[in-house]
Every structure is written in structure tokens, then in C-alpha cells.
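2 protein chains.
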Amino acid sequence: MKSENINAEIITIGDEILIGQIVDTNSAWMAQQLNLIGINVHQITSVSDNKQHIIVALDLAYSRADLILVTGGLGPTKDDLTKQTVEEYFGSRMIRNEQVLEHIRNLLEPRGIKMNELNVGQADLPDNCQVLRNSYGTASGMWFEKNHKIYVFMPGVPYEMKVIVSEELIPKLKQHFNTPSIVHKTLMLQGIAESMLAQIIEPWENQLPSVIKLAYLPSPGVIRLRLTAKGDSTDILTNLIEKEGEKVKPLIKNWYYGDDESIEVTLTKLLKANNKTVATAESCTGGKIASIITSIPGSSDYYKGSIVAYANEIKERFVGVSTDDLANYGAVSQPVVEAMAKNMITLFDVDYSIATSGIAGPYGGTTEKPVGTVWVAVASRQRVISKKFSLGDNNRERNIQRSCLNALNELRKLILQELVKNE
Amino acid sequence: MKSENINAEIITIGDEILIGQIVDTNSAWMAQQLNLIGINVHQITSVSDNKQHIIVALDLAYSRADLILVTGGLGPTKDDLTKQTVEEYFGSRMIRNEQVLEHIRNLLEPRGIKMNELNVGQADLPDNCQVLRNSYGTASGMWFEKNHKIYVFMPGVPYEMKVIVSEELIPKLKQHFNTPSIVHKTLMLQGIAESMLAQIIEPWENQLPSVIKLAYLPSPGVIRLRLTAKGDSTDILTNLIEKEGEKVKPLIKNWYYGDDESIEVTLTKLLKANNKTVATAESCTGGKIASIITSIPGSSDYYKGSIVAYANEIKERFVGVSTDDLANYGAVSQPVVEAMAKNMITLFDVDYSIATSGIAGPYGGTTEKPVGTVWVAVASRQRVISKKFSLGDNNRERNIQRSCLNALNELRKLILQELVKNE
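First to last, the protein sequences are chains A and B.
Every letter in the first sequence is one number past the one before it in our numbering, and letter 390, counting from 1, is 892.
Every letter in the second sequence is one number past the one before it in our numbering, and letter 52, counting from 1, is 554.
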């Protein structure tokens, strides 16, 4: 059976989004969930807590989409207008849902909250909707069908919306629509500019079958190259997308590090799988590499720690950098960063280490070593490799961020080299 | 002269938003910036990388708004359609902008990137727009006027969009529209829950003059309490808002640390003004405190470095924690964290130090020490003070973040105490 092409729209209701007080993270999450079952989100619209505005948005979405997800405005207080709007829009009559009332009571009582009128009112629901159970909260989801189009209303509290989507909405959508298959593959690249990448992979891009769409998703230091295939058979699409992935890999092998994961996840998986430990000695990155590695749960399995040697005296006294090297070459130099990496191996008794020293900016640069000059060294028990990066950027935050990614990537490459050698 | 009521809409272009691969943080930020100059955002719409879809969105926004901000789709690659769309929509002719070309060259060359056709193409801009300079990137902003309505197109890369908005757009909008006078004052509080704060300041809140609006802007560990006064005279508003700020301060003195600045900025200003140095010894925060402090330009003036003692052996060998204390009390304990802080003073020869040890989660907790248990110690050359935080949260990232803020704030308090004593 040929699958349908389902077009969805998301409408989020709430003044707090429009004044920038909260970032709308709900829409991205819902879009992901819909994509996974092959439903395409055509538009996301954020509107104010205003009945007329909501109705206009519903009408416009109706004219374009098969499925309309709406979040927000379902709280118990006066400024929550969604239920009134729904009543008017679908010509509903409100009826008390005893099952929902019981659920609300069960939620509030253990928290020591006595049910009041507002809470009871949340059990009054439109007679012409199907109720979607909200396991975590008092505002139920509502599913309406009108002229073969589906409208779903959910609360805006993220974890409540999520439980409704996961437990109730997705199974219902799969049953209701004959959704297409969709397969994604995201190749991660580090250390190449978008425009250069585009040029390199152009011949491959031009020969891509039409069912595969390509997107470049750049962020400082990293580009995600996303392939999306949509069709009827997951098997065929997976096959196709994997084949294209393999075809492009030789072109991008100098920058490609993994599929759809951060460089720190790739690196730490590698460390864990090979039972290796690591330590860091950071100057210009100021503890950020340590912080990135330890952001991963369970990092104590392979990460022993860092010496953030911000002052030169700390480089000397704690990382064993020689006074002569500091005097002769400066802190931002190959000898210093190599000594830092090498010494960390013995000091912390680890298999691998990373060291950084550079000028993050925005000031402190010289003609010889402008802002953005960063030396990175990575070491194993056998060797040390160092590399100079000229980031050509005056932005401190980005220079630190990119230095960290570069450093993590250099260690990944060193480990891979050593693994090949030892095989 | 009475100010106008300006209605704005934001349109974000990009399939990556609609498939949920990225969260649209740009819109919230732009909405905040517009709000700060008294422009109201009526709707936010995210549309696909599709010319027809973009045009429909522009038309609809035109029918409702005075100002339309559009981001995304301005990259150099084929999937970036905004410029083509703009060309069609405004009947533009593309002309090479030599100044922009020079700027692109100056951006790329120091990074060792050779200009290619795609880069040069970014200097081709519509003849009927005003170019908004993008200091950080190669895609310029574009300002169009059509039937007294303003359209602004900007790249979707957040830091590029932000620099265009701050440096170019906001000044231009202030000049173009007769926006009302708006005065903000943001009081920063650390270590208090929103609901408790609301209760404490209720009497003050109730007596606020009607031209002042109050907003609670909570984020993990910090609440920004923002007062906004809107009217015609900046002087009168400033006076009014300062008076109210002084009135509330006695009520919030236990948590208030400064005006509209992060705790690390407040702390490091204090260090710098008093010519003091600091070092850190981090376990559960894994280098994040170091990273936060060194995110501030010039931090080498007062920050010497950190030992990220993730493994217990590092705590013993490098921070001088006794094997007995670790065995008897565990790494997450008052004796261990106090020893860490105390020892850092002598080890790194600094005036102040911070030490942390805790269970960031999401696993690794026990009944006695559940996830979210964090010990923080701060020390001076004279004393050490420690405090246990029970964050009651399972989220690793938030636990680390809040531990860092708590630790920085404890040091701030210690320094203030010592300054008072020494006076």
C-alpha cells in the first residue's frame, strides 16, 4: 500500500514565547517525533494568548495541513484561553469527564494539594473530542477530527506534552494515517568550512537519487551533513542511504568523525571500548575540555582529571614545563604544549593526554601570534603530536569552543592511529 | 511626541527547524531585543526552505505587521534560497558590493580559506536594499522598505544574526520608528526559588506604579527580576525605576548579588578591584568553574588555574586530600572538600579558592547521598567555609550548572565578609 504524504503544522500559544521569555523547545521535539514516523512538519507558528489570533492561526493551518498540533493555554487559570477557543471553534459542549476528574484527584492529593474549582474545571472537556491522557499533569490532551483533518491540543508544559505525545498521540497517529517510511543519516565533520565542503562533495551531491535530500547544518567547528530519504520501504531507503554514505566518505575522510554524535561522545566511546584513560592540561581552553568530557555521564571510567595551568607558574610547577622553554618560546608554542601533553601522561598516569595553549582573545594577540593562534598537543605513552591552529577569529567564546573541538578531534585521530599500529 | 505602537513578526527559514534538528533560539533572542526598545512581537513563524512557502509567509506577515524580521537561508550553498526569493519578491537586481567582498576576503584569508565562487557570490546583493554589515560572517543582512513596512533579512547562524541585530538593526530601528522610551532594571538573585521570592516581595510588588511591569526570569540557579518602565520620558522613568529598585533591595539582600550581570562577572570584578587571586579544585563540576571564570577576557589577571581532581587518586596526589578522609567520609564530604579548598591556597599560592565534590548524576547516588548532593568549600588564607547543597534533581547538566553558580556565589560572599572585616 502506498503511504500518504502527511503534512503537519504546529501552533504554540503563549505570550511568554513572543516576548522571548522562554525558548520554544516543544516544537523541535514534536517535529522530531513526527519525522520519525514519516510525518512532515510544514510550518511552526507561535501566537499570542488571544482567542482571535488562535482562531486565525487554526484556519490558516487548516488550509494547508492534514494534522495540526497545538500546545499551550490549557492551564487552569484565566489567561489560559485554549479551551474556550476550542469550544467555540468546534462547537463543543463541555461535559465532566469522571475518569479525568479521578486522575486529577490522584495527582493532587499525594502532593497535599486540595482540589479547588479550577482543578475540577480541568475535567470538563469537549463532548466532540477524544481525550488524550496526561499521565503527569491535570490538563488533558484533546483530539478532534473535522473534515478529515486532525487537530490535537496539548498543554505547553514540556514534560506533560511529551508524555501525551509518546503514550497517546504517536500510537494513534500511526493507526490513523498510513505514514511513509523515512530514514536519516547524519555525517559529522570537524575542521572544514561549509563552502569548501560544498565544493568537494559537489560531484557526489549532483548524482544523489531524488529521494535523498541533503542538508548542511553548520555550527562553530562542526558541520552536520544530513541525508534524508523518504519513501515506502524502510529497508530500501536504509540501503540506499547507507550506500550514498559510503560513497561520500572517501571524499570527506579527513574531516568525518562519526554519525550523528558529538566529537566528545565519539572520543569517549573509543576510550571506553579500548579501556584507555585520559587527562588534560589546559591553558587557553581554561578547563572547558575537562568540562566537555565530564559532561558525559560515567566519564570517571576513563577521565582522571586536568591541570588548568592558566598562569605560567602553574605550567612550571605543576605540569613540569621548563622555565627556559617558557622564556624562549613563550607559553603559546610547540615546545610548551608538547611538554604539557607529555608530562601529563606520567603525572596522572594515563594512556592519553591533551594539552592546549593559545590566545583566545579578544585581546592579547601580537603580529607573530594573533588572537586565534592555538597550539594543541595530544600524547600517548609512546608519542606526542602537536598542531597549530590559526582560527582567525576575535571572538573568545568561539575560539575556546573551536580549540576544544580541534583538541578532542586530534586525540581521536591519535588513538585511531595507535589502534591500527597495534593490530 | 507620542510614541508609535509597532507590531513585529519574526519568520525563521530552515528545514532543520521543521524537522526538529535545531531548536529555534534565535526568535526568543530577537523578541527580547525588540521588546527592549518597545517593539511588540505578534507572531513567530518557522517555514521550510521553499521559495513559495517563504513568499506566502511574507505576504501574511505583511498583512499584519509593520516590521518583519527574517532569518536563515542566506548561506553560500544551493539549499539557501532566501536571496533568490528576495530577488523575486522585491524585484531586485543583484549587484556586486565591493565593500562586502573586501570584508568577506578579510574574514576568510586569515583562516587560510581561499575565496571560491560561492564566497564571492555572497557579495552579490539586491540593489534596492540597505546592507546590514555582518562583522562575524560572510552573509550580509538586508533591510528593505516597501509600502512603509520594513523587512529585514539576516543569516540564521546565531552569533552572526546577533551581531547584525546589536550593531546595525537596533540603532536603525530606533532611528526609523518613534519607539517609546523604555527603561529596564534587572536585579540578579542567586539561591532562592521563584515561588518563595514571589511571596517575599509581594507587598512591594503590589505597590509598584502602573508604568512599571515586573517579570521573573528564572534559569537554573539564578532568577533575574526585571523591572520595565515604559513611557515618554527616559529621565522620569529612570528615576522611578531606580527608586523602586532601592525599595526592594532590603527584602532580597540575602540573594541579590548585582544588576544584570552574571555571578562570575560580579565575582571577578571583586577580585580584580581588590587585587586578589583565585584557584579552583573541582571534582563534580569537572572543570566547569574554571571554564566559566576563564570565559571572561583578562581572567589571567586574577585566575591562576585549577586541578580538576576527577579521580580520587588525583585528589590525594595533587590536592593533598588524605587517604583516610577519602576512606572514612567518601569523596563527597565536608572534610574532603574543605581539605581541597584549604590546600589549593598554599599549592597555587592564591588569596582565595573554591572546591567542589558531589554527585552530578544521573546515576551514582545512594540513599545517604542521592544524586544532586554537592559539597562546596571556599577558602581564604585565613579560613575555609563549606556548605552542602541538596539540589534534588536528576539532571546532570543542571546539577553541574547550579553547583558552579552556588560555588561562585559562596566565594563572593566570603570575599565580602573579609573585606568588611579588614576595613
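Idealized CB from N, CA, C, for every residue including glycine.
Contact under 9 Å by Cβ, residue i with residue j
{"i": "A/I606", "j": "A/N621", "result": "yes"}
{"i": "A/I684", "j": "A/K732", "result": "yes"}
{"i": "B/L603", "j": "B/L675", "result": "no"}
{"i": "A/A567", "j": "A/Q586", "result": "no"}
{"i": "B/G693", "j": "B/I666", "result": "no"}
{"i": "B/E840", "j": "B/A811", "result": "no"}
{"i": "B/L753", "j": "B/I703", "result": "yes"}
{"i": "A/P711", "j": "B/R898", "result": "no"}
{"i": "A/A965", "j": "A/S855", "result": "An answer regarding residue 965 of chain A cannot be provided, because it is not within the stretch 503 to 925 covered by chain A."}
{"i": "A/L921", "j": "A/R904", "result": "no"}
{"i": "B/L773", "j": "B/T779", "result": "yes"}
{"i": "B/N908", "j": "B/A862", "result": "no"}
{"i": "A/V852", "j": "A/K806", "result": "yes"}
{"i": "A/A700", "j": "B/T579", "result": "yes"}
{"i": "B/P926", "j": "B/N680", "result": "Residue 926 of chain B is absent from the model: chain B starts at 503 and stops at 925."}
{"i": "A/E912", "j": "A/V876", "result": "no"}
{"i": "B/R726", "j": "B/L716", "result": "no"}
{"i": "B/P682", "j": "B/G574", "result": "no"}
{"i": "A/E746", "j": "A/L729", "result": "yes"}
{"i": "A/T782", "j": "A/I816", "result": "no"}
{"i": "B/A563", "j": "B/N542", "result": "no"}
{"i": "B/H678", "j": "B/L538", "result": "no"}
Per DSSP, cross-strand counterpart(s) of residue i
{"i": "A/L569", "result": "A/A510 and A/I652"}
{"i": "B/V780", "result": "B/Y805 and B/Y854"}
{"i": "B/D626", "result": "B/R598"}
{"i": "B/D761", "result": "B/L689"}
{"i": "A/L634", "result": "A/G643"}
{"i": "B/Q903", "result": "In the DSSP output, where bridge partners are listed per residue, B/Q903 has none listed."}
{"i": "B/N542", "result": "B/N509"}
{"i": "B/V810", "result": "A/S808 and B/E784"}
{"i": "B/T547", "result": "A/T547 and B/I513"}
Contact set between residue i and chain B, taken where Cβ atoms lie within less than 8 Å
{"i": "A/A881", "result": "Within 8 Å Cβ-Cβ: nothing; A/A881 doesn't reach chain B, min ~18 Å."}
{"i": "A/I809", "result": "G807, S808, I809, V810 and F820"}
{"i": "A/Q701", "result": "N618 and L620"}
Listed by chain order, chain A residues near residue i by CB distance under 8 Å
{"i": "B/D526", "result": "V525, D526, S529, A530 and I546"}
{"i": "B/A775", "result": "Chain A residues near B/A775: none, gap ~20 Å exceeds 8 Å."}
{"i": "B/K553", "result": "Those do not exist, as B/K553 stays about 14 Å from chain A at its closest Cβ, beyond 8 Å."}
{"i": "B/Y564", "result": "Per Cβ cutoff of 8 Å: no residues; B/Y564 is ~14 Å from chain A at best."}
Under 7 Å from the C-beta of residue i: neighbouring residues of chain B
{"i": "A/S697", "result": "P578, N618, L620 and N621"}
{"i": "A/K806", "result": "Y812, A813 and I816"}
{"i": "A/V549", "result": "Q545"}
{"i": "A/Q632", "result": "The contacting residues do not exist; A/Q632 stays about 25 Å from chain B at best."}
Contacts that residue i makes with chain A (C-beta to C-beta distance below 9 Å)
{"i": "B/E899", "result": "S797"}
{"i": "B/Q449", "result": "Because chain B is modelled from 503 through 925, residue 449 of chain B falls outside the range shown and cannot be assessed."}
{"i": "B/D581", "result": "K715, L716, A717 and Y718"}
Per-residue contacts from residue i into chain B (C-beta, under 9 Å)
{"i": "A/C894", "result": "The identity of residue 894 of chain A in the sequence shown is Gly, whereas the question assumes Cys. In chain order: L609, L610, E611, P612, R613, G614 and I615."}
{"i": "A/K790", "result": "G789, K790, A792, S793, T796 and S797"}
{"i": "A/Y865", "result": "P799 and G800"}
Neighbouring residues, chain A, relative to residue i (Cβ below 7 Å)
{"i": "B/F850", "result": "I816"}
{"i": "B/N486", "result": "Coverage of chain B is limited to positions 503 through 925, which leaves residue 486 of chain B absent and any answer about it impossible."}
{"i": "B/D517", "result": "A717"}
Contacts that residue i makes with chain C (C-beta to C-beta distance below 9 Å)
{"i": "B/Y638", "result": "Absence of chain C from the displayed structure is noted, the protein chains being A and B."}
inquiry  = If contact is defined by three or more beta carbon pairs under 8 Å, each pair taking one atom from either stretch, is the stretch 549–559 of chain B in contact with the stretch 608–617 of chain B?
reply    = Short answer: they don't touch.
Segment contact, 8 Å Cβ cut-off, at least three pairs: the stretch 521–541 of chain B with the stretch 590–603 of chain B: Because the criterion of three Cβ pairs below 8 Å is not met, the stretch 521–541 of chain B and the stretch 590–603 of chain B do not touch.
Along the chain, which unbroken stretches of the beta strand (DSSP E) at least 3 residues long are found entirely within the stretch 825–897 of chain B? As for any beta strand (DSSP E) of minimum length 3 sitting wholly inside the stretch 825–897 of chain B, the runs are 854–860, 875–882 and 886–892, ordered along the chain.
Specify whether the stretch 840–859 of chain B and the stretch 812–830 of chain B touch according to this definition: at least 3 beta carbon pairs, one from each stretch, less than 8 Å apart. Yes, the stretch 840–859 of chain B is in contact with the stretch 812–830 of chain B.
Exercise for review: Taking only runs that begin and end inside the stretch 678–755 of chain B, name each unbroken beta strand (DSSP E) of 3 or more residues, in chain order.
Suggested key: Note on the stretch 678–755 of chain B: whole beta strand (DSSP E) runs with a minimum of 3 residues are 683–692, 714–721 and 724–733, in chain order.
Inspect the CB distances between the stretch 880–887 of chain A and the stretch 905–923 of chain A and report whether three or more fall short of 8 Å.
In short, these stretches touch, since the Cβ pair count reaches three.
Validate contact between the stretch 757–769 of chain B and the stretch 753–769 of chain A using beta carbons, cut 8 Å, 3 pairs
Touching, no, given that fewer than three Cβ pairs across the two stretches are closer than 8 Å.
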